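The number in our numbering is simply the position in the sequence shown, starting from 1, with 680 added.
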Amino acid sequence: MTDRRPNIVCIMPDDTDFVWLHCYGGRTPTPNIDRIAEEGTRFDQMYCSASACTPSRYTYLTGHYAGRCPDPHFLAENPPDEPYSVAWNTVLNETMPSLAQTLRAHGYRTGIAGKWHVGRPRRELDLPELHEDDDPDDPEVDAKLHLYQARLQEEVRTSAGFDYAASIVWGNNESFPVARLREHNLEWITQGALDFLDSCSPDEPFFLYVTPTAFHGPPHDGSYLQDPRYTQGGKLDRPVGGHPPREAMRARLAERGLPFNHDTVGITWIDDQVGVILRKLEQMGVAENTVVIFKVDHNTEPGKATCHQHGIHIPLIMRWPGVIQAGTTCEARVQNIDFVPTVLEIAGIEPPASMPLDGKSWVPLLRGEKVRLHEDLFFEFGYARAVLAGRCKYIALRYPQRLLDAMAAGELKEAPNHIN
């Protein structure tokens, strides 16, 4: 090990189930993700506190439960004298201490590439006007796309404190204004990550946060058949990202006896992305001093956007050369509230007093200590709350009185956050 503080690379796909990862028993080979597990540790009892994109991502970047969000929009929706509702409403802004901001203040170069989905509504941003039927080949549209992407990057840098942002997807692909560009393009996201790594100085540690849009919709097999030069940031001169050529995917899957569909294409695409990043770290000569974290925001339906087990139970794999014993499995219960304190301890940083943390660092577990970080775990989504203790879970769904009155009066067609 070197005396230099370790670099940290985090790769976080969206909506990911255990069944897609080979190291968790999945059928589709994922050799690059498996390599992280083989050279590090696999957590079998990792949970997210709120099982949807925005609140989970909020917690990963702030270190506290989404229900503590101080954003004015959230506070306006949720008066302090009644239960709050956690949904896609817990956004991050520049007034809140964040992980990237804290790392940056202590000498880390910080970068992000990929899906954001923890920011203000697009209507509040100064973005060029785009239309559903815009043609990405039109030079005027292309110029707007470049400006649109530049504005998103600036918003992420400002609101979260990253030094660098690239290939930013503001929310779900389906919500992008231009219909032809509502597709996954993981090569484009990978290139944003590679460009960040190329910008790093050998003299400073770095933190890279890569957030591919898969496994969320639209269907991966459909996106994979599109021209990779078309991105939400404008048309590229040539494909980028260092992935295997797209035209080879069918044959690669067929050789493994697998169909070409949403699941197989999605996880293979993500695994290819992981492989490109791991090889880049090796080419840079920094792999042995880089912590690699593969985590997800939440699991899938049925259970997503609820407090039920399938939505909140998620994969986590980590590699830390010289610290984590290779090929191990951790059975301790941990949660995404622990991510920020873990990263800060790895970086040798004391959490600032202005940054309230709800979790505990995983570092003792990573060093092989047999410790119990949590006696129980807390979950929240919509107006539902849950506590997991031992083999028992208690779930409560309690609406504010004003909503109960409105439902009794027939003023609402369905209960708010009724999926809980």
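Glycine included, every Cβ here is placed at the ideal spot set by N, Cα and C. Treat the numbers as computed from the prediction; the structure is a model and nothing was measured.
Note down, in chain order, each residue of its chain lying with its Cβ closer than 6 Å to the Cβ of residue i, except the 5 sequence neighbours on either side.
i, result
"Asp951", "Thr710, Asn712 and Ile713"
"Cys987", "Phe1059, Phe1061, Ala1064, Ala1066 and Ile1075"
"Cys690", "Tyr889 and Ile973"
"Arg800", "Val771"
"Ile1029", "His786"
Report all residues from its chain with a CB closer than 7 Å to the CB of residue i; omit the five preceding and five following residues, and keep chain order.
i, result
"Arg831", "Leu805, Asp806 and Leu807"
"Val966", "Asn687"
"Ala859", "Glu812 and Asp813"
"Ser1034", "Pro777"
"Val1023", "Ile688 and Leu779"
"Lys960", "Leu874 and Leu877"
"Gly720", "Ile997, Met998, Arg999, Trp1000, Ile1004 and Ala1006"
"Thr1009", "Thr721, Arg722 and Asp724"
"Gln906", "Glu863"
Based on the DSSP output, what are the partners of residue i in its beta bridges?
i, result
"Ala1066", "Phe1059 and Ile1075"
"Val1010", "What sits at residue 1010 in the sequence shown is Cys, not Val. Answer by DSSP bridge pairing, in chain order: Phe723."
"Met1035", "DSSP lists no partner for Met1035."
"His993", "Tyr727"
"Asn687", "Thr970"
"Met929", "None, per the DSSP bridge assignment."
"Gln1015", "Tyr727"
"Met998", "Thr721 and Ile973"
Give me, in chain order, the residues of the same chain whose beta-carbon lies closer than 8 Å to that of residue i; leave out the 5 immediate sequence neighbours on both sides.
i, result
"Pro924", "Arg932 and Asp952"
"Arg918", "Arg909"
"Pro1096", "Ser765, Gly1062, Tyr1063, Tyr1079 and Leu1083"
"Ala1088", "none"
Alpha carbon to alpha carbon, how far is residue j from residue i? Give it in angstroms, no decimals.
i, j, result
"Cys823", "Thr911", "Per the sequence shown, the amino acid found at residue 823 is Ala instead of Cys. Roughly 12 Å between the two C-alpha positions."
"Leu916", "Phe754", "38 Å"
"Ile992", "Ala730", "7 Å"
"Leu842", "Tyr889", "It should be pointed out that residue 842 corresponds to Phe in this sequence rather than to Leu. Distance between the alpha carbons of Phe842 and Tyr889: 10 Å."
"Lys984", "Phe1061", "10 Å"
"Pro752", "Asn687", "34 Å"
"Pro898", "His1054", "37 Å"
"Arg784", "Leu877", "15 Å"
"Asp815", "Ala717", "43 Å"
"Phe1058", "Pro819", "51 Å"
"Pro882", "Arg685", "12 Å"
"Arg803", "Ala732", "22 Å"
"Trp1000", "Arg1013", "19 Å"
"Leu827", "Ala934", "41 Å"
"Gly706", "Gln725", "17 Å"
"Asn865", "Lys795", "11 Å"
"Leu825", "Gly946", "26 Å"
"Val1067", "Glu863", "37 Å"
"Pro750", "Trp700", "36 Å"
"Lys975", "His702", "15 Å"
"Pro763", "Glu867", "42 Å"
"Ala846", "His990", "32 Å"
"Gly955", "Gly1090", "54 Å"
"Glu809", "Ile848", "17 Å"
"Leu1037", "Ala840", "17 Å"
"Gly1101", "Lys1093", "Lying outside 681 to 1100, the shown extent of the chain, residue 1101 is not represented and no answer is given."
"Val1111", "Gly872", "Absent from the model: residue 1111. The displayed extent of the chain is 681 to 1100, so no value can be given."
"Glu1049", "Glu1011", "12 Å"
"Thr775", "Glu962", "37 Å"
"Tyr844", "Asp977", "21 Å"
"Arg789", "Gln781", "10 Å"
Cβ of residue i less than 8 Å from any chain B Cβ?
i, result
"Thr893", "Among the chains in the structure shown there is no chain B, since it carries only a single protein chain."
Self-check item: Any alpha helix (DSSP H) of 4 or more consecutive residues that is wholly inside the region 728–782
Solution: With a minimum length of 4 residues, the continuous alpha helix (DSSP H) runs that stay inside the region 728–782 are 733–742 and 752–757.
Closer than 8 Å is the cut-off here; do at least three beta carbon pairs connect the region 1068–1085 with the region 999–1007? No, because fewer than three Cβ pairs between the region 1068–1085 and the region 999–1007 fall closer than 8 Å, the two stretches do not touch.
List, from N- to C-terminal side, the alpha helix (DSSP H) runs of 4 residues or more that fit wholly inside the region 842–919. Whole alpha helix (DSSP H) segments, 4+ residues: 866–879 and 900–904.
Check: In chain order, which continuous runs of the beta strand (DSSP E) of length 3 or greater are located wholly inside the region 939–988?
Finding: Counting whole runs of 3 or more residues, the region 939–988 contains the beta strand (DSSP E) stretches 970–975.
| request: Give a yes or no on contact between the region 850–867 and the region 889–908, applying the rule of three or more CB pairs nearer than 8 Å. | output: As far as the Cβ criterion goes, the region 850–867 touches the region 889–908, which means the pair count is three or higher.
key: Three-pair Cβ contact test at 8 Å for the region 735–743 versus the region 754–773   = Enough Cβ pairs lie closer than 8 Å, so yes.
*Below 8 Å, can you find three or more Cβ-Cβ pairs linking the region 925–944 to the region 833–847?*
No, the region 925–944 is not in contact with the region 833–847.
- Would you be able to state if there are at least three C-beta pairs under 8 Å between the region 1035–1044 and the region 1013–1023? Verdict: yes, contact present.
Exercise for the section: Ignoring anything shorter than 4 residues or poking outside the region 780–835, list the alpha helix (DSSP H) runs there in chain order. Expected result: With a minimum length of 4 residues, no continuous alpha helix (DSSP H) run stays inside the region 780–835.
Q.
Between the region 972–983 and the region 694–710, can you find at least three pairs of beta-carbon atoms closer than 8 Å?
A. Output reads yes: the region 972–983 touches the region 694–710.
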